[in-house]
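First up is the structure itself, then whatever we jot down about it.
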Amino acid sequence: MCSPSGALWSLQGIGLVGGSFMTGQSQWLYIGIVTALVGLGGLVWANRSLP
């Protein structure tokens, strides 16, 4: 799902994970947060109980 990628991008955006062009670039923090939330929303939607 998208959540692990979003979390990694967020960590790179704030500079905790190095070795990438994304390191230290705050735009990747925001992109990562949105991606993680979309992934989590997809998980919630896929696991909902149907009547």
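Position one of the sequence shown corresponds to residue 19 (my numbering), numbered consecutively onward. For every residue, glycine included, the Cβ atom is placed at its ideal position computed from N, Cα and C.
- Cβ contact annotation for V52 (same chain, cutoff 8 Å, sequence separation greater than five): G24, in chain order.
- Comparing alpha carbon positions, the residue from L47, Y48 and G33 closest to T41 is G33.
- S38 and Q45 do not touch by the CB rule: their CB atoms are close to 13 Å apart, not below 8 Å.
- Note on geometry: alpha-carbon atoms of A64 and G36 lie some 33 Å from one another.
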